[in-house]
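Chains as they are written, first to last, in this note's numbering: chain A, 8 to 360; chain B, 3 to 161.
Pasting the structure below:
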């Protein structure tokens, strides 16, 4: 029998039930995601109690599928890794409880993973990822963070959002324009509808909040409000006519602010490489402009493929590799930490209710 | 705090909206529920940033739309809820009572999304957009606001 060398990773921090299988060398063997978006349309799957129940329903199936490369056998599994924060408390607890059950039944150790660090690992796991230290831009529906990933894998927070997350702004602007949920893909589809990259003049100019401030923090609430104000001033036919220009203008402003702050972070830390991770990193315009930024600054960069940008289980397993090496296991009283930050270790003080 | 009830304020910038929130925050007593109503970009989170500062929260208060609930520690605990992602029908499964703090303050954004579960004695903060920067902010009891809404014909109150 070959020695165990696989990690199972589970993520249920928000709407999606996800499980992935990764080898200790960092090869992704499976990455299964069951989305609650369609399946639970009447509730949308975000009411904590409903979301938790949907996760519990989906978990057995998702885990079974993720284990199929091993023929469903546990012999070659080294550990069960699970996200313990940040996220919706009920959703987190569903995944944690299930992972504990798997760990107990299989006798394999349990490893607790910070969801934000898992996003960073979705890039670090690739051979194309630049060497550390590097700057990580984590952009999703709930987070907008700039951090320095140090040589030893430690994190130094450089900046974060002061109000709304970038992905949240995408969702809210999409809703404002009647484009549906999730907002990212809906906005991208309209912005790209000509099939050609938009050029200046083909979009409405919106402000770049905090662009000229020295600090590396973001603010997306002001941009959202600017779009709302603009739309409010239009008649319904005008709104329809200008839809693509508004959507492009918003996307351009949002991505531009991200790039402005990323550039400042790179200059300030004199770091020769960067990564962009999280759901918003799946955005085509962002990937384009990040590539242009790297080229212009003559530094290396990496953005994972879209399926690794959105929430998934493989990134959790990837983040667990280092902990497995060091034997940093979680006990069966692992709790959920809804407000956990990047680089933060769980402590009783964090669990404030 | 009672002095705020029935008042209508006009603010001219996000900064002055935040300042009004701070004034209210200073006077809040344990067990109070503050329910905010106002359309996208009205300044609900801005108002709560001020309110939190008034309560003594030192951390940056950010939008909880994604996580639905965020907790802060200060002079008394603050629970920041956001019903943006909830919709009608969710009141049957959302256990609001679990988030109402006896020893702290609970603030709720988009309270009108599931208005039936808001306690009648909650402080309603109704923000109406008057111009690009100008806002009308009315503070009254939640049940009072519901009554007014009925008088003017149902949904109008919530825009």
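Glycine residues also receive a C-beta, built at the ideal position from the N, C-alpha and C atoms. Small disclaimer: the values here were computed from a predicted structure and weren't measured.
Neighbourhood of residue 15(B) in chain A, by CB distance below 7 Å: empty, with the nearest CB roughly 12 Å away.
With 16 or more neighbouring CB atoms inside 10 Å of its own CB, residue 16(B) falls in the buried class. Under the Cβ distance rule, residue 49(B) does not count among the residues neighbouring chain A, no pair being separated by less than 8 Å. Under the DSSP assignment, residue 173(A) falls in the alpha helix (DSSP H) whose first and last residues are 173–183. With its beta carbon less than 8 Å from one in chain A, residue 64(B) belongs to the interface. Listed in chain order, the non-local C-beta contacts of residue 76(B) below 8 Å within the same chain comprise 54, 57, 58, 59 and 60, local neighbours out to five positions each way being set aside. Residue 62(B): not part of any alpha helix (DSSP H); DSSP gives it neither H nor E.
Identification of chain A residues near residue 120(B) by a Cβ-Cβ cut-off of 7 Å yields none; the smallest Cβ-Cβ distance measures about 16 Å.
For residue 213(A), the three-state secondary structure derived from DSSP is coil.
The C-beta of residue 70(B) comes closer than 8 Å to at least one C-beta of chain A. Put simply, the backbone Cα of residue 20(A) is about 8 Å away from that of residue 91(A). The beta carbon of residue 44(B) sits closer than 8 Å to those of 129, 130, 131 and 137, all from its chain and outside the five residues before and after it, given in chain order. Rounded to the nearest angstrom, the Cβ distance from residue 132(A) to residue 325(A) is 4 Å, consistent with a contact under 8 Å.
Of all residues in the stretch 258–275 of chain A, none places a beta-carbon less than 7 Å from a beta-carbon of chain B. The beta-bridge partner set that DSSP reports for residue 82(B) consists of 72(B) and 109(B). In terms of CA proximity to residue 88(B), 57(A) leads the group 78(A), 226(A), 286(A) and 57(A). C-alpha of residue 311(A) to C-alpha of residue 123(A): approximately 15 Å in a straight line.
For residue 42(B), a Cβ of chain A is located within less than 8 Å of the residue's own Cβ.
The Cβ atoms of residue 269(A) and residue 142(A) lie closer than 8 Å to each other. Minimum Cα-Cα distance from residue 210(A) among the listed residues 285(A), 258(A) and 106(A) corresponds to 258(A). Residue state for residue 37(B) is assigned as strand, using DSSP reduced to three classes.
The beta carbon of residue 117(B) sits no closer than 8 Å to any beta carbon of chain A. Residues 226 of the same chain have their beta carbon placed closer than 6 Å to that of residue 217(A), with the five preceding and five following residues left out of the count. Between the stretch 294–302 of chain A and the stretch 330–339 of chain A there are fewer than three inter-stretch CB-CB distances shorter than 8 Å, so the stretches are not counted as touching. About 6 Å separates the Cβ atoms of residue 139(B) and residue 22(B), confirming a contact at the 8 Å cut-off. The beta carbons of residue 115(A) and residue 81(A) sit about 7 Å from each other, so the pair counts as a contact at 8 Å.
The stretch 226–241 of chain A and the stretch 274–282 of chain A do not touch, with fewer than three beta-carbon pairs separated by less than 8 Å. DSSP places residue 113(A) in the uninterrupted alpha helix (DSSP H) bounded by 96–113.
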